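Asks: The structure is given below, and queries will be raised subsequently.
Next up, the structure:
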């Protein structure tokens, strides 16, 4: 009987120890959720929606949904940026990545010229006290800057930043369509850089940026389909 009681206590102790180890592992390893599940659990904040709204044209008469009335690629880009925020996974790096977006880059521009242009645009934001925010009336096709502020605690998105307090970790120059393709998983970021369709002044920082996100094409399509259905329900 003594041996049986001892074995029972040992079994209980082993079970408790195993449970404790599993709990510690669960706390050490954050739950990996796809972007759509994250969105459904935690809708975008008013601050994030306000930033994305800087890209959008003025609302249409009659309250038509953005999906039905989107002009050009402004709405697609805003949705892709929203997706990127929810596709953020984790990083142990802290830094700002500034994308200087244009409707179209000059095909004759060299990599060095485009990178210099991105750096110049960044310098202008650092030196100007009141640089203009992007105009909604000129949102489609207009040049605009988009800042990703990364840290271990998360990612913050700033569209057309008013002023940069300090230089970003890297500046990037590309067409809107290129960033859109990268964020939605149609174009791998490294391939965009190596092909010359995206130019940066700090390749190492861009690789850190890349590793902080899970930009999957299938996840984007699910995310987009749910957002479209949600917008249609609101409109009607």
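Numbering (the working numbering), first residue to last: 3 to 238.
Ideal Cβ placement from N, Cα and C applies to all residues, glycine included.
What you are looking at is a predicted structure, and each value in this text was computed from that prediction instead of being measured.
#1: State the Cα-Cα distance for the pair residue 65 and residue 206, rounded to the nearest angstrom.
#2: Do the CB positions of residue 100 and residue 173 come within less than 9 Å of each other?
#3: Does the contact criterion of 3 or more C-beta pairs under 8 Å hold for the region 36 to 54 versus the region 174 to 193?
#4: Can you check whether the CB of residue 211 is closer than 9 Å to the CB of residue 182?
#5: Here's a check: name, in chain order, each residue in its chain whose Cβ is nearer than 6 Å to the Cβ of residue 184, leaving out the five neighbours to either side.
#6: Measure the alpha-carbon distance for residue 161 versus residue 147 and round it to whole angstroms.
#7: Quick check on residue 189: does DSSP put it in helix, strand or coil?
#8: Would you report the Cα separation of residue 44 and residue 89, rounded to the nearest angstrom?
#9: When burial is assigned at 16 or more other CB atoms within 10 Å of the CB, is residue 94 buried or exposed?
#10: For residue 103 and residue 170, I'd like the C-alpha separation in whole angstroms.
#11: Quick one: Cα of residue 219 to Cα of residue 188, how far?
#12: Roughly how many angstroms separate the alpha carbons of residue 214 and residue 59, rounded to a whole number?
#13: Determine the direct distance from the alpha carbon of residue 165 to that of residue 152, and round the result to whole angstroms.
#14: Ignoring anything shorter than 4 residues or poking outside the region 168 to 225, list the alpha helix (DSSP H) runs there in chain order.
#15: If you measure between the beta carbons of residue 98 and residue 150, is that distance less than 9 Å?
#16: If residue 221 and residue 79 are in contact, beta carbons under 8 Å, what's the gap, nearest whole angstrom?
#17: So for residue 22, helix, strand or coil by DSSP?
#18: Starting from the C-beta of residue 145, find all residues in its chain whose C-beta is less than 8 Å away, skip the five residues before and the five after it, and write them out in chain order.
#19: Provide the residue(s) that pair with residue 151 in DSSP beta bridges, ordered along the chain.
#20: Nearest-angstrom Cα distance between residue 167 and residue 202?
#21: Could you tell me the alpha carbon to alpha carbon distance between residue 216 and residue 35, rounded to whole angstroms?
#22: Can you tell me which of the three DSSP states residue 104 falls into?
Replies: The relevant details are as follows:
#1: Indexing the chain shown from 1 puts residue 65 at position 63. Indexing the chain shown from 1 puts residue 206 at position 204. Summary for residue 65: the model assigns pLDDT 46, below 50, so the residue's position carries little reliability; its value from the coordinates is reported in the next sentence. Spanning the two alpha carbons is a distance of roughly 45 Å.
#2: Counted from its first residue, the chain shown places residue 100 at position 98. Counted from its first residue, the chain shown places residue 173 at position 171. The answer is yes: Cβ separation under 9 Å.
#3: Below 8 Å, too few C-beta pairs join the region 36 to 54 and the region 174 to 193 to call them touching: fewer than three.
#4: Counted from its first residue, the chain shown places residue 182 at position 180. Counted from its first residue, the chain shown places residue 211 at position 209. No, these two residues do not count as a Cβ contact at 9 Å.
#5: The residue labelled residue 184 in the question sits at position 182 within the chain shown. 191, 194, listed in sequence order.
#6: Position 159 of the chain shown, counted from the start, is the residue given in the question as residue 161. Position 145 of the chain shown, counted from the start, is the residue given in the question as residue 147. Approximately 6 Å, taken between the alpha carbons.
#7: Position 187 of the chain shown holds residue 189. Coil, per DSSP.
#8: Counting from 1 along the chain shown, the entry for residue 44 is found at position 42. Counting from 1 along the chain shown, the entry for residue 89 is found at position 87. Rounded to the nearest angstrom, the two C-alpha atoms are 13 Å apart.
#9: Here residue 94 is taken as the residue at index 92 of the chain shown, counted from 1. In this structure residue 94 is exposed. Its beta-carbon is surrounded by fewer than 16 other beta-carbon atoms within 10 angstroms.
#10: By 1-based counting over the chain shown, the position of residue 103 is 101. By 1-based counting over the chain shown, the position of residue 170 is 168. Using only the alpha carbons, I get a separation of about 16 Å.
#11: For the purposes of this step, residue 219 is identified with residue 217 of the chain shown, where counting begins at 1. For the purposes of this step, residue 188 is identified with residue 186 of the chain shown, where counting begins at 1. Going from the Cα of residue 219 to the Cα of residue 188 covers about 6 Å.
#12: Indexing the chain shown from 1 puts residue 214 at position 212. Indexing the chain shown from 1 puts residue 59 at position 57. In a straight line, the C-alpha of residue 214 is about 30 Å away from that of residue 59.
#13: Here residue 152 refers to the residue found at position 150 when the chain shown is read from its first residue. Here residue 165 refers to the residue found at position 163 when the chain shown is read from its first residue. Straight-line Cα distance between these residues: approximately 17 Å.
#14: Counting whole runs of 4 or more residues, the region 168 to 225 contains the alpha helix (DSSP H) stretches 178 to 185, 191 to 196, 205 to 213.
#15: Counted from its first residue, the chain shown places residue 98 at position 96. Counted from its first residue, the chain shown places residue 150 at position 148. Yes; because the gap between Cβ atoms is below 9 Å, this pair is in contact.
#16: Translated into positions along the chain shown, residue 221 becomes position 219. Translated into positions along the chain shown, residue 79 becomes position 77. Taking 8 Å as the upper bound for CB-CB distance, residue 221 and residue 79 are not in contact here, some 18 Å apart.
#17: Taking the first residue of the chain shown as position 1, residue 22 is located at position 20. At residue 22, the pLDDT of 46 sits below 50, so the modelled position is not reliable and the matter cannot be decided from this model.
#18: Sequence index remark: in the chain shown, residue 145 carries index 143 (1-based). The residues are 102, 103, 104, 105.
#19: The count along the chain shown starts at 1 and reaches residue 151 at position 149. Bridge partners of residue 151: 98, 158.
#20: Stepping through the chain shown from its first residue, residue 167 is reached at position 165. Stepping through the chain shown from its first residue, residue 202 is reached at position 200. Between the alpha carbons of residue 167 and residue 202 lies a distance of about 20 Å.
#21: Translated into positions along the chain shown, residue 216 becomes position 214. Translated into positions along the chain shown, residue 35 becomes position 33. The straight-line gap from Cα to Cα measures roughly 11 Å.
#22: By 1-based counting over the chain shown, the position of residue 104 is 102. It is a strand residue.
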